[in-house]
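Each residue of the sequence shown is one higher than the one before, counting from 1 in full-length UniProt numbering.
Glycine is no exception: its CB is placed at the ideal position from the N, C-alpha and C atoms.
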Amino acid sequence: MMTPFENRTEAGRQLAESLRHSFGDRKDLIVLALPRGGVPVGLEVARALKAPLDLILVRKLGVPGHKELAMGAITSHARVLNEEVIRSCGVSDEALEEVAREEQRELERRAGRYRGDRPWPELKDRCVILVDDGIATGATMEAAARAVREQKPASLVLAVPVAPPETLRRFSSLADKVECLMTPEAFWAIGAWYRDFSQLSDEQVIAMMREAEEQP
């Protein structure tokens, strides 16, 4: 049986250990975490690989009335839509755009809160490790991966503690390498694979990013 992770920090340490053999000696690394849940995972990966940690901001587009069900996701550079979910839920173009506008405002708020005036990192010709605390439908991670690909990295690695196998298969052509510690067939939800899956606050994310900046 697969044992749930104690928390995101423990999951990050295990993920870092899995990545160390392949990436421990690379000097062109950068770890990009998806806030909020991916940040404590990414912090442990960046610390172990002696790589800088930064953020890639993604917002899920939730179905109106069922926000946990993703009909797509956006970043500042990309939009990914799940047409099957949109059709099956009968979401109109107007409703979709209203949700997108709302999430765009939240994206901009978080960018200002987490990053301030700090410039976005240069990703061209670097090895980018894209980290989250898990993948469910894959919409947010796909939007993030496509946004990174637009910046022409040398390679793109997708690294998560847990994800369903059918979702991971979608990334085989988008990422150069996929690292995932657990791939349960009976997935349910990301939080089912953590004993502590507490929601993080903006203040915790900011504190973790400061911690990452202060490490050698």
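Alpha carbon to alpha carbon, what distance is there between Lys27 and Thr140?
-> The residue labelled residue 140 in the question sits at position 140 within the sequence shown. The residue labelled residue 27 in the question sits at position 27 within the sequence shown. Each residue's alpha carbon lies about 28 Å from the other.
Do Gly138 and Thr183 have their C-beta atoms closer together than 8 Å?
-> Here residue 138 refers to the residue found at position 138 when the sequence shown is read from its first residue. Here residue 183 refers to the residue found at position 183 when the sequence shown is read from its first residue. Their beta carbons are not under 8 Å apart, which means Gly138 does not touch Thr183 by this criterion.
Taking the alpha-carbon positions, what's the Glu102 to Ala51 distance?
-> As a first step, residue 102 must be located in the sequence shown, where it is residue number 102. As a first step, residue 51 must be located in the sequence shown, where it is residue number 51. For Glu102 and Ala51, the distance between alpha carbons rounds to 33 Å.
Any idea if Glu44 is buried or exposed, counting beta-carbon neighbours within 10 angstroms, 16 or more meaning buried?
-> The residue labelled residue 44 in the question sits at position 44 within the sequence shown. Buried, by the Cβ-count rule.
Contact check, Val128 vs Leu156 under 8 Å by CB: the rounded distance?
-> Within the sequence shown, numbered from 1, the residue matching residue 128 stands at position 128. Within the sequence shown, numbered from 1, the residue matching residue 156 stands at position 156. At roughly 5 Å, the Cβ-Cβ gap stays under 8 Å, so Val128 and Leu156 are in contact.
Mark Pro216 as exposed unless 16 or more other C-beta atoms lie within 10 angstroms of its C-beta, in which case mark it buried.
-> Here the question's residue 216 lines up with position 216 in the sequence shown. Flag for Pro216 reads exposed.
Would you kindly check if the distance between the Cβ of Ala163 and the Cβ of Gly191 is under 8 Å?
-> Here residue 191 is taken as the residue at index 191 of the sequence shown, counted from 1. Here residue 163 is taken as the residue at index 163 of the sequence shown, counted from 1. No, the pair does not count as a contact, with Cβ atoms beyond the cut-off.
What does a CB cutoff of less than 7 Å around residue 222 pick up in its chain, not counting 5 residues either side in sequence?
-> In this structure the chain extends from 1 to 216, so residue 222 is not present and cannot be described.
Going by DSSP, what residues sit across from Ser155 in a beta bridge?
-> The count along the sequence shown starts at 1 and reaches residue 155 at position 155. The partner list for Ser155 (beta bridge, DSSP) reads Cys127.
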